[in-house]
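Enquirer:
There are 2 protein chains.
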Amino acid sequence: MKKNVLIIGAGGVAHVVAHKCAMNNDVLGDICIASRTQQKCDAIIESVLRKNHLKDSTKKLYSRTVNALDIPSLIDLIKDTQSEIVINVGQSYINMSVLEACIETGAVYMDTAIHEEPDKVCENPPWYANYEWKRKERCEQQGITAILGIGFDPGVVNAWCALAQKEYFDTIDTIDILDVNAGSHGKYFATNFDPEINFREFKKVWTWIDRQWVLQKVHSIRMDYDFPVVGTCPVYLTGHDELHSLSKNIDANSIRFWMGFGDHYLNVFSVLNNIGLLSEKPVKVAEGIEIAPIKVLKAVLPDPSSLAPGYTGKTCIGNFIRGTKDKAKREIFIYNTCDHAECYQEVESQAISYTAGVPAAAAAILVARGTWDVKHMVNVEELDPRPFIDLLDTMGLPTEVVESPVPFTPPVITSLESV
Amino acid sequence: MKKNVLIIGAGGVAHVVAHKCAMNNDVLGDICIASRTQQKCDAIIESVLRKNHLKDSTKKLYSRTVNALDIPSLIDLIKDTQSEIVINVGQSYINMSVLEACIETGAVYMDTAIHEEPDKVCENPPWYANYEWKRKERCEQQGITAILGIGFDPGVVNAWCALAQKEYFDTIDTIDILDVNAGSHGKYFATNFDPEINFREFKKVWTWIDRQWVLQKVHSIRMDYDFPVVGTCPVYLTGHDELHSLSKNIDANSIRFWMGFGDHYLNVFSVLNNIGLLSEKPVKVAEGIEIAPIKVLKAVLPDPSSLAPGYTGKTCIGNFIRGTKDKAKREIFIYNTCDHAECYQEVESQAISYTAGVPAAAAAILVARGTWDVKHMVNVEELDPRPFIDLLDTMGLPTEVVESPVPFTPPVITSLESV
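Sequences listed follow chains A and B, in order.
According to UniProt numbering, numbering within the first sequence proceeds without interruption in unit steps and concludes at 419.
According to UniProt numbering, numbering within the second sequence proceeds without interruption in unit steps and concludes at 419.
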């Protein structure tokens, strides 16, 4: 039994994690939210209290300031707050420092996105091997539970792969993870999470095809798919975190990720990208100031957390899996749909943050109960999926399974360069 | 007789002014090019020498560093270089300081664009009244020749209005200034002059309709016109400097300005504008740095002077003028076409810089000869146009006149607000 949760970060995902942890604080104990800007943490606490989500009012919900790149400060914070579970939902640049602080203090580590270095984009695959997995041995030696990528994608979609392997298939040929947001925020243009991290995803497309890494151009391969509930949407082959662990841990020939984009989004993205405004490389302006264009873009785009109140429509994220069971061909679509307005009604958030935040809170509960307190570093597909999926069913993210769904059959995808 | 020219600025227009002044330095005397960055001045000098354009090699062509917002430095520079003619082709923010230094030293002042303050955009009309015209009385008292807006538009198009009034019409009903660049620079996106100043033009559209100022939305009124040489191009009602003096000095009912834009340009412009990246108002990025988005955009876009070598195609700028002569209706199109590649061949520049720079050099010659040394502040339409037009005919910018051209008949343009 572990208890007391330290949430690092105060963005949209942290907001949802805080709500869901508070709603389960009889299991999780005290909750501290820490970030660079304490007032952002306090705004989350106000939302939790406004919604009357603090289940056990004898437990604490409070905020702290922290520089999450400063390992000694993090260690002090973990010790001082007596946190046994750390949920890192800050910017992707802080994973390694927070992980280090957990290893040093014995706390459980979790995150929802892969580590990145500010000046490097779309490094060579598998990405986890460049950073997190280098701490695998130390976690093993010191009995540290570290659960990597426990949001929705990566996260739930990884658990679905494990579930498919365990309960639905004898052999898996292809897994296509399809992620579409069929909602509308009503703004000219906005990203649903940190624009800086969002756009960094779209620099290169790494995909796992026939058990090899294949490199493709962004937004170059499009498929239309008739999704349950939200209907037909265009999706584009995209690089994504989860491929970088699933390719190692799941016995499948090809694992691809597809993200939905509308024409307007792609036009805006294309203009910004072609002009160089998505670049993380600093430019020097006439006045001598040096700054990365993407940081300025982030400053002018709507704050993702500001989108929640007016958001309408639904997201649909699912795994289309093709393989065999009992020597017969089998295809399933295992998915979740999530409604933006219902999320706002429940926790004052939109569905993108909701789907990323709820799984981390569910994992914290499983760790607190001991079910997932595995004492080493894992990606989600390495854990027993069933208790997680069952718990999510009760926490707002139910899993649906369709047998013999509308077929999803992408063209042959070739590599732009040998890798 | 005035002599010795000080060119302030080292951009694309300064480059052309320097070439054309050097080609006429038997009349103009010594030429000094001064800007913030001396190496940009020196690059221009190298181009002039490479093209063997220094007509009289006993005259000097040299560079200096100057902060053109620092009036005492400017005064020292004018005195030290014994310049009697100052051609200001730097950023629009420096007009008032350079003008002040000219008034203090007795030098002739010229510019090619209206004064702007960095933090103000598209102020109330007429724009000249907000800045330059406030120095009219001092120029008059001290016998200072100040020629405002002596590029192409403003500049040549103003002289054509004067020419029309003097030689072609008894009464003028409408003047439509049409400016189209039918050339191609081969880049994804670029502006032909300083992007910061370029985009500031497109915030509001002030137009002079039935002797009143009318405010319209940018790119909201489109007309297609079959131009001489370059053929049919779309043009959009746009605000522009020259309307702010022509409305006062030319007896016409309506004076409109139209600029050509292709669909790709408008799409990119629209994305950048809607997102807020054209804003001159500083934003604060997460790291605490404050910067105006447009300055970052400028840093990532191609340097306008880099476009010249590969530029193909032509510009066409003309005045469609409708009125009466000897009691009969008359319509003329008075215009110039300019070829990008020919400009590069001659002075290593593109046609946008060429058309803006040649008129300033021509005006300097007219001032040096005494023809235009009028000892007060004028806009171009207040000067005798004939010697100017005739001189341009010999300097690479010939004027053509078509009687009864293809009709240009815009719709009724109403104001978005009372002004």
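No residue lacks a Cβ here, since even glycine has one placed at the ideal position from N, Cα and C.
Which residue wins for smallest C-alpha separation from residue 340 (chain B), given the options B:144, B:180 and B:6?
Expert: Within the second sequence, residue 340 (chain B) is the residue found at index 340, counting from 1. Here the closest residue by C-alpha is B:180.
Enquirer: Counting only beta-carbon separations shorter than 8 Å, does residue 296 (chain A) have a partner in chain B?
Expert: Your numbering for residue 296 (chain A) matches position 296 in the first sequence. It does: the Cβ of residue 296 (chain A) has a partner Cβ on chain B nearer than 8 Å.
Enquirer: Give the DSSP-derived three-state secondary structure of residue 227 (chain B) in the structure shown.
Expert: Along the second sequence, read from residue 1 onward, the residue named residue 227 (chain B) stands at position 227. DSSP places residue 227 (chain B) in strand when its eight states are reduced to three.
Enquirer: Based on DSSP bridge pairs, tell me the residues matched to residue 314 (chain B).
Expert: As a working note, residue 314 (chain B) is residue 314 in the second sequence. Residue 314 (chain B) is bridged to B:339.
Enquirer: Which chain B residues sit within Cβ distance under 8 Å of residue 277 (chain A)?
Expert: Counted from its first residue, the first sequence places residue 277 (chain A) at position 277. The contacting residues are 277, 296, 297 and 300.
Enquirer: To the nearest whole angstrom, what separates the beta carbons of residue 319 (chain B) and residue 139 (chain B), a pair I think is in contact under 8 Å?
Expert: Start at 1 with the first residue of the second sequence, and residue 319 (chain B) comes out as number 319. Start at 1 with the first residue of the second sequence, and residue 139 (chain B) comes out as number 139. 27 Å between Cβ atoms; not a contact.
Enquirer: Anything in chain A within Cβ reach of residue 274 (chain B), meaning under 9 Å, just list it in chain order.
Expert: For the purposes of this step, residue 274 (chain B) is identified with residue 274 of the second sequence, where counting begins at 1. Under the 9 Å cutoff, chain A gives 188, 189 and 268.
Enquirer: From this set, B:186, B:244, B:165 and B:322, which residue's C-alpha is nearest residue 126 (chain B)'s C-alpha?
Expert: The residue you call residue 126 (chain B) lines up with position 126 of the second sequence. Answer by Cα proximity: B:244.
Enquirer: What three-state label does DSSP hand residue 329 (chain B) in the structure shown?
Expert: Counting from one through the second sequence, the residue named residue 329 (chain B) turns up at place 329. Three-state DSSP puts residue 329 (chain B) in a strand.
Enquirer: Report the start-end ranges of each alpha helix (DSSP H) in the UniProt domain "Saccharopine dehydrogenase NADP binding" (5-147) of chain A that is 4 residues or longer and not cut off at the edges.
Expert: 12-22, 25-28, 38-50, 71-80, 95-105, 127-130 and 136-142
Enquirer: On the DSSP bridge list, what partners appear for residue 180 (chain B)?
Expert: What you label residue 180 (chain B) is simply residue 180 of the second sequence in a count that begins at 1. Under DSSP, residue 180 (chain B) forms a beta bridge with B:316.
Enquirer: Report the option in A:143, A:323 and A:166 whose CA atom is closest to the CA atom of residue 375 (chain A).
Expert: On the first sequence, position 375 is the one that residue 375 (chain A) refers to. When each option's Cα is compared against that of residue 375 (chain A), the closest is A:143.
Enquirer: Under a Cβ-count criterion, where at least 16 other Cβ atoms within 10 Å of its own Cβ denotes burial, should residue 377 (chain B) be classed as buried or exposed?
Expert: What you label residue 377 (chain B) is simply residue 377 of the second sequence in a count that begins at 1. By the neighbour-count rule (16 or more Cβ atoms within 10 Å), residue 377 (chain B) is buried.
Enquirer: If we cut at 8 Å on Cβ distances, does residue 291 (chain B) have a partner in chain A?
Expert: Position 291 of the second sequence holds residue 291 (chain B). It does: the Cβ of residue 291 (chain B) has a partner Cβ on chain A nearer than 8 Å.
Enquirer: Mind listing the chain A neighbours of residue 286 (chain B)? Cutoff is C-beta to C-beta under 8 Å, in chain order.
Expert: One-based indexing of the second sequence puts residue 286 (chain B) at position 286. By Cβ distance, chain A contributes 295, 298 and 299.
Enquirer: Quick one, which of A:87, A:54, A:49 and A:82 has its alpha-carbon nearest residue 10 (chain A)'s?
Expert: Indexing the first sequence from 1 puts residue 10 (chain A) at position 10. Answer by Cα proximity: A:87.
Enquirer: What are the residues in the region 109-125 of chain B lying within 9 Å of chain A by C-beta distance?
Expert: none
Enquirer: Using a Cβ-Cβ distance under 8 Å, would residue 283 (chain A) count as near chain B?
Expert: Walking along the first sequence from the start, residue 283 (chain A) turns up at place 283. Cβ-Cβ to chain B under 8 Å: yes for residue 283 (chain A).
Enquirer: Pull up the CB-CB distance for residue 287 (chain A) and residue 240 (chain A), whole angstroms please, since I reckon it's below 8 Å.
Expert: Numbered from its first residue, the first sequence carries residue 287 (chain A) at position 287. Numbered from its first residue, the first sequence carries residue 240 (chain A) at position 240. About 38 Å; that fails the 8 Å criterion.
Enquirer: Skipping 5 residues on each side, what residues in its chain have a beta carbon closer than 8 Å to that of residue 13 (chain A)?
Expert: Stepping through the first sequence from its first residue, residue 13 (chain A) is reached at position 13. Excluding residues within five positions, the ones whose Cβ falls inside 8 Å are 89, 112, 151, 193, 353, 356, 357 and 360.
Enquirer: Mind checking which residues open and close the alpha helix (DSSP H) that includes residue 357 (chain B)?
Expert: Looking up residue 357 (chain B) in the second sequence gives position 357. Segment 351-369, the alpha helix (DSSP H) holding residue 357 (chain B).
Enquirer: Please state if the CB of residue 146 (chain A) and the CB of residue 99 (chain A) are separated by a distance shorter than 8 Å.
Expert: Taking the first sequence and counting its residues from 1, one reaches residue 99 (chain A) at position 99. Taking the first sequence and counting its residues from 1, one reaches residue 146 (chain A) at position 146. Yes, the pair counts as a contact, with Cβ atoms nearer than the cut-off.
Enquirer: Compare the beta carbon distance of residue 78 (chain B) and residue 63 (chain B) with 8 Å and say whether it is the shorter of the two.
Expert: Translated into positions along the second sequence, residue 78 (chain B) becomes position 78. Translated into positions along the second sequence, residue 63 (chain B) becomes position 63. Going by C-beta atoms, residue 78 (chain B) is not nearer than 8 Å to residue 63 (chain B).
Enquirer: So which of A:156, A:95, A:76 and A:314 has the shortest CA-CA distance to residue 384 (chain A)?
Expert: Here residue 384 (chain A) refers to the residue found at position 384 of the first sequence. Here the closest residue by C-alpha is A:156.
Enquirer: When the cut-off is 8 Å and only beta carbons count, does residue 218 (chain B) lie next to chain A?
Expert: Reading the second sequence from its first residue, position 218 is the one you call residue 218 (chain B). No, residue 218 (chain B) lies away from the interface with chain A (no Cβ there is under 8 Å from its Cβ).
Enquirer: From residue 419 (chain A) to residue 265 (chain A), what distance separates their C-alpha atoms?
Expert: To locate residue 419 (chain A), count along the first sequence from 1; it is residue 419. To locate residue 265 (chain A), count along the first sequence from 1; it is residue 265. Annotation note: pLDDT 47 at residue 419 (chain A) (below 50); position unreliable, coordinate value reported separately. So the alpha carbons of these two residues sit roughly 30 Å apart.
Enquirer: Would the beta-carbon of residue 274 (chain A) fall within 8 Å of that of residue 199 (chain B)?
Expert: As a first step, residue 274 (chain A) is located in the first sequence; it is residue number 274 there, counting from the start. As a first step, residue 199 (chain B) is located in the second sequence; it is residue number 199 there, counting from the start. No, the Cβ-Cβ distance between residue 274 (chain A) and residue 199 (chain B) is not below 8 Å.
Enquirer: Can you give me the C-alpha to C-alpha distance between residue 128 (chain B) and residue 415 (chain B), rounded to a whole angstrom?
Expert: Position 128 of the second sequence, counted from the start, is the residue given in the question as residue 128 (chain B). Position 415 of the second sequence, counted from the start, is the residue given in the question as residue 415 (chain B). When rounded, the distance between both Cα atoms is 21 Å.
Enquirer: Listing by chain order, which chain A residues have their CB less than 8 Å from the CB of residue 13 (chain B)?
Expert: Within the second sequence, numbered from 1, the residue matching residue 13 (chain B) stands at position 13. Those within 8 Å of residue 13 (chain B) in chain A number zero; the least Cβ separation is about 17 Å.
Enquirer: Could you check the C-alpha separation between residue 73 (chain A) and residue 66 (chain A) for me, to the nearest Å?
Expert: Here residue 73 (chain A) corresponds to residue number 73 of the first sequence, with the count starting at 1. Here residue 66 (chain A) corresponds to residue number 66 of the first sequence, with the count starting at 1. Approximately 7 Å between the Cα atoms of the pair.
Enquirer: For residue 255 (chain B) versus residue 206 (chain B), is the C-beta distance shorter than 8 Å?
Expert: Numbered from 1 along the second sequence, position 255 holds the residue referred to as residue 255 (chain B). Numbered from 1 along the second sequence, position 206 holds the residue referred to as residue 206 (chain B). No. Outside cutoff.
Enquirer: Between the Cα of residue 413 (chain A) and those of A:212, A:203 and A:183, spot the shortest distance and give me the residue it belongs to.
Expert: The residue given as residue 413 (chain A) occupies position 413 in the first sequence. The shortest C-alpha separation from residue 413 (chain A) is found at A:212.
Enquirer: Can at least three beta-carbon pairs, one atom from the region 308-316 of chain A and one from the region 291-299 of chain A, be found at a separation below 8 Å?
Expert: no
Enquirer: Is the beta carbon of residue 323 (chain A) closer than 8 Å to that of residue 169 (chain A)?
Expert: Reading the first sequence from its first residue, position 169 is the one you call residue 169 (chain A). Reading the first sequence from its first residue, position 323 is the one you call residue 323 (chain A). Yes, the pair counts as a contact, with Cβ atoms nearer than the cut-off.
Enquirer: Is residue 175 (chain A) closer than 8 Å to residue 107 (chain A) when the C-beta atoms are compared?
Expert: For this step, residue 107 (chain A) is matched to residue 107 along the first sequence. For this step, residue 175 (chain A) is matched to residue 175 along the first sequence. No; because the gap between Cβ atoms is not below 8 Å, this pair is not in contact.
Enquirer: Within the 8 Å Cβ cut-off, does residue 66 (chain B) reach chain D?
Expert: In summary, chain D is missing from the structure at hand, where the protein chains are A and B.
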